[in-house]
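Each step along the sequence shown adds one to the number in our numbering, with nothing skipped, and position 35 is 292.
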Amino acid sequence: MKVSKKMMGVLPVAALGAVMVFGLAACNPKVSRVDSAAVTDLSGNWNDTDSRLVADEMIQDVLARPWLSRFNKDHGKVPTVIVGTVRNLSHEHINTRTFISDLEKSLINSGDVEFVASAGEREEIRSERKDQDLHAKEDTRKAMGQEAGADFMLQGTINTIIDAVKGEQARFYQVDLQLIDLESNRKVWVGQKKIKKTVEKSGLRF
């Protein structure tokens, strides 16, 4: 069968269209829902599993140390704690806010300490109390100067060390936390958690 010049002009266009259709189909992402507690270590970077497990383990350790029983004995009450800054000193971007939230959740749910709002949260709460002074009924207003002060602050750092050769990489994460007595500046607890991961990067295969 002879192919006319007109048909020859149409065929490349049709072929290009087919390639585009197949290309779009190949780029279409496949999404699967998984349990939020499942381990999904895809890149080897710090992830939600690391944040949750490190927070739970370190809070269990801090609450098992002598400072807590000594405070309970000396003051006849549970201590009030606030989480300060956790600095990211690693090579990668880490959302320390989620890690701090995991720390706060573990502390509050333990029932062994009381917890106060962070510096940013307190600003919003104080603004609300000022607004109540002007607009709320007297019997519903919340008085200024009645905030509970924290006895201890938890703060720390996240560091990494990277060791790589050819297609393999070792990632070493170290989380250091310390609990400080706000009145005396004494460190009553120092905790450390280490995580080591190996990542292999294979070449593309066709």
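Cβ atoms here follow ideal geometry from the backbone N, Cα and C, with glycine treated the same way. For clarity, every value in this text was computed on a predicted model and none was experimentally measured.
Based on the DSSP secondary-structure assignment, which residues constitute the bridge partners of residue i?
i              : result
aspartate 438  : Phe409
lysine 451     : Gln431
lysine 444     : Ile437
valine 524     : Examination of residue 524 is not possible in this model, given that the chain is present from 258 through 463 alone.
asparagine 416 : Gln431
glutamate 457  : Glu425
For residue i versus residue j, is the C-beta distance shorter than 7 Å?
i                 : j                 : result
arginine 386      : methionine 410    : no
valine 340        : leucine 320       : no
glutamate 371     : valine 422        : no
glycine 413       : aspartate 438     : no
lysine 444        : glutamine 435     : yes
phenylalanine 356 : serine 308        : yes
lysine 223        : phenylalanine 429 : The structure shown does not extend to residue 223, since the chain spans only 258 to 463, so no value can be given for it.
On the premise that residue j lies in contact with residue i, defined as a C-beta separation below 8 Å, what is that separation, rounded to the nearest angstrom?
i              : j              : result
valine 373     : threonine 337  : 6 Å
asparagine 345 : isoleucine 415 : 5 Å
aspartate 390  : arginine 398   : 6 Å
leucine 310    : aspartate 369  : So it is not a contact: roughly 20 Å between Cβ atoms.
isoleucine 419 : glutamine 426  : 7 Å
Could you spell out the range, first to last residue, of the alpha helix (DSSP H) harbouring residue i?
i              : result
glutamine 389  : 376-392
arginine 309   : 305-320
arginine 361   : Residue identity check: residue 361 is glutamate in the sequence provided, not arginine. Run containing glutamate 361: 353-367, per the alpha helix (DSSP H) assignment.
arginine 398   : Where arginine 398 is concerned, there is no enclosing alpha helix (DSSP H), given that its DSSP letter is neither H nor E.
asparagine 234 : Not covered by the structure: residue 234. The range shown for the chain is 258 to 463.
Looking at the secondary structure, which residues open and close the beta strand (DSSP E) in which residue i lies?
i           : result
glycine 341 : 337-345
Note to self: Check whether the region 448-456 and the region 304-315 touch, using three or more Cβ-Cβ pairs below 8 Å as the test.
What the structure shows: Yes: at least three Cβ pairs fall under 8 Å.
Notebook entry, point to check: If you pair each beta-carbon of the region 343-354 with each one of the region 377-384, do three or more pairs fall below 8 Å?
Noted result: Segments in contact, no.
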